[in-house]
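One structure is given below, encoded as structure tokens.
2 protein chains.
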Amino acid sequence: MQELDPTDKRILGALDEDPRVPIMVLAQRLGLARGTVQSRLERMTASGALRPNSSRVLPAALGRGVAASVSAELDQSHLNEAIAALREIPEVLECHAPAGDTDLLIRVVATSPDDLYRVSEEIRLCPGIVRTSTSMFLREVIPYRTTGLLKD
Amino acid sequence: MQELDPTDKRILGALDEDPRVPIMVLAQRLGLARGTVQSRLERMTASGALRPNSSRVLPAALGRGVAASVSAELDQSHLNEAIAALREIPEVLECHAPAGDTDLLIRVVATSPDDLYRVSEEIRLCPGIVRTSTSMFLREVIPYRTTGLLKD
DNA sequence: TTCAGAGTAGTCAAACTGATCAACGGCGAC
DNA sequence: GTCGCCGTTGATCAGTTTGACTACTCTGAA
């Protein structure tokens, strides 16, 4: 994956609202030749600089209106097993290994607080996971975005 | 924003790899009439069930290879000011208000550990923010996804 | 039973796509 | 300096897709 240059960013910026605008429209809106936009789009999608389109779907639209962060402490010798097990849980949206006290930080969603309990239980039962601590999100203060970074 | 039904999910699933496939191709791949796919896509994009396209861009592709989570404790009487200030920082990707001890959980990215220091400094200096604690992510164990939720 | 809403299947003209081309400019290697 | 490489441009082409429209069918709810 190579880094995106300012032209790439401009293209992505113009695609922000509607990723299906015709390339021609895009090109003339940006003052570029159609071929340029076309080849850059191909390169960007091929280079893996973009997440799959489904990452745009809001969990709330899938009935998962409750979000939370689960910290998990784990038996380091079973790290890979734990990760494999977490990957099988659809409600696990994302997982990071932070420096510091907790071993894994897991982003989850659920249909309700009750369902959240079920999900965190499911995480707790993953092999290698010793202890978890779930913190429900009361509010999404700033929704995920990268818009600001595109404007460099 | 209304909830997506199984057909909507199938459409989104088929769009996962390439959001620019022609609607006709999509329709015959799913065994639906073109008009159906077309109207549903319109409805979905209009209903706000999707994030802007730029949320697909990997921060790493924008030179932000370092990710972290910042917990911020704040003076509750300046909550809105703090949020407004955070919104102005492009490296702040997202922000949640969790139940529990910390007041805000902020997802940030940076170009380097050194740059991460700068960003967390910037957050600390936001009006209303009393104390912060930054935890750098050593590894993205499971990249963000919603794929599993689409298969219900 | 009747009705509204959603899906199907078909049409149309206009517009788009992907592929291709020659030409041009910048840039690093030699 | 100049050579070749690479990306951009502006152009062409046939084939396809789009958006808008129609009429018909199906289904669940009143």
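Taken in sequence, the protein lines are chains W and U. Add 1 to the 1-based position in the first sequence for the working numbering, that's all there is to it. Add 1 to the 1-based position in the second sequence for the working numbering, that's all there is to it. Heads up, the beta-carbon is just placed ideally off N, CA and C, and yes, glycines get one too.
Fill in: G129/U, buried or exposed, once every other Cβ within 10 Å from all chains shown has been counted against 16
Counting Cβ neighbours within 10 Å, G129/U comes out buried, since at least 16 surround it.
Discussion item. Taking the beta strand (DSSP E) that E122/W belongs to, which residues open and close that run?
Written reply: For E122/W, there is no enclosing beta strand (DSSP E); the residue is part of the alpha helix (DSSP H) that begins and ends at P114 to R125.
Fill in: Proximal residues of chain W, C-beta to C-beta of H79/U below 9 Å
Taking the beta carbon of H79/U as reference, no residue of chain W falls within 9 Å; the closest one sits roughly 14 Å away.
Fill in: Test item: CB-CB of S55/W and T148/U under 8 Å
The criterion of a C-beta distance shorter than 8 Å is satisfied by S55/W and T148/U.
Item to complete: Measure from the C-beta of C96/W to each C-beta in chain U and report whether the shortest distance is under 8 Å.
Response: The Cβ of C96/W sits closer than 8 Å to at least one Cβ of chain U.
Practice prompt. Could you tell me which of A85/U, T8/U and G49/U sits nearest to Y19/W, measuring between CA atoms?
Written response: For the record, residue 19/W in the displayed sequence is Asp; it is not Tyr. For D19/W, the nearest C-alpha among the options comes from G49/U.
Worksheet item: Using the beta-carbon count (16 or more within 10 Å), is V120/W buried or exposed?
Response: Label assigned to V120/W: buried.
Discussion item. Please classify T8/W as buried or exposed, where buried requires at least 16 other C-beta atoms within 10 Å of its C-beta.
Written reply: By the Cβ neighbour-count rule, T8/W is exposed, with fewer than 16 other Cβ atoms within 10 Å of its own.
Item to complete: Could you tell me the distance, in whole angstroms, from the CA atom of D116/U to the CA atom of V110/U?
Response: Computed Cα separation, rounded: 9 Å.
Item to complete: Quick one: residues in its chain with C-beta nearer than 8 Å to the C-beta of S70/U, no 5 flanking neighbours on either side, listed in chain order?
Response: Result list for S70/U: L106, I107, R108, V109, T135, S136 and F138, in chain order.
Worksheet item: Who are the neighbours of G32/U on chain W, taking C-beta pairs under 7 Å?
Response: Listed along chain W, no residue sits closer than 7 Å to G32/U by beta-carbon distance, the nearest being about 20 Å off.
Practice prompt. Specify, as a first and last residue, the run of the beta strand (DSSP E) that P7/W falls within.
Written response: Not the beta strand (DSSP E): P7/W falls in the alpha helix (DSSP H), residues P7 to L16.
Worksheet entry | Min CB distance Y145/U to chain W below 8 Å | Closer than 8 Å to some Cβ of chain W, the Cβ of Y145/U qualifies, so yes.
Practice prompt. Return helix, strand or coil for P60/W, following the three-state DSSP convention.
Written response: In the displayed model, P60/W falls within a helix according to three-state DSSP.
Worksheet item: Per DSSP, which one or two residues make a beta bridge with E74/U?
Response: Residue pairing of E74/U in beta bridges, as defined by DSSP: R132/U.
Practice prompt. Check whether the Cβ of E4/W lies closer than 8 Å to any Cβ atom in chain U.
Written response: Yes - at least one Cβ of chain U is within 8 Å of the one on E4/W.
Item to complete: Would you kindly check if the distance between the Cβ of L150/W and the Cβ of P144/U is under 8 Å?
Response: Their beta carbons are not under 8 Å apart, which means P144/U does not touch L150/W by this criterion.
Worksheet entry | Contact set for T112/U: own chain, Cβ-Cβ below 8 Å, skip 5 residues either direction | The residues G64, R65, G66 and V67, in chain order, have a CB closer than 8 Å to that of T112/U in the same chain once the five nearest residues on each side in sequence are set aside.
Worksheet item: Can you check whether the CB of V131/U is closer than 8 Å to the CB of E43/U?
Response: The Cβ-Cβ distance between E43/U and V131/U does not fall below 8 Å.
Worksheet entry | Backbone CA spacing between P99/W and D153/U [nearest angstrom] | Straight-line Cα distance between these residues: approximately 31 Å.
Worksheet item: Rounded to the nearest angstrom, how far is the Cβ of S72/U from that of T133/U, given a contact under 8 Å?
Response: About 7 Å separates the CB atoms of S72/U and T133/U; that is less than 8 Å, so the two are in contact.
Discussion item. On the criterion of 16 or more Cβ atoms from any shown chain inside 10 Å, does R30/U qualify as buried, or is it exposed?
Written reply: With a threshold of 16 other beta carbon atoms within 10 Å, R30/U falls short and is exposed.
Worksheet item: Which word fits P23/U, buried or exposed, when buried means at least 16 other C-beta atoms lie within 10 angstroms of its C-beta?
Response: With fewer than 16 other Cβ atoms within 10 Å, it is exposed.
Practice prompt. Going by DSSP, name the residue or residues bridged to H97/U.
Written response: As a beta-bridge residue in DSSP terms, H97/U pairs with E141/W and L106/U.
Worksheet item: Residues in the stretch 37-50 of chain U with C-beta within 9 Å of chain W's C-beta atoms, listed in sequence order?
Response: Going along the stretch 37-50 of chain U in chain order, one finds L42, M45, T46, S48, G49 and A50 with a Cβ nearer than 9 Å to chain W.
Worksheet entry | Option in T46/U, A15/U, M45/U and R21/U with minimal Cα separation from G32/U | Nearest option by C-alpha distance: A15/U.
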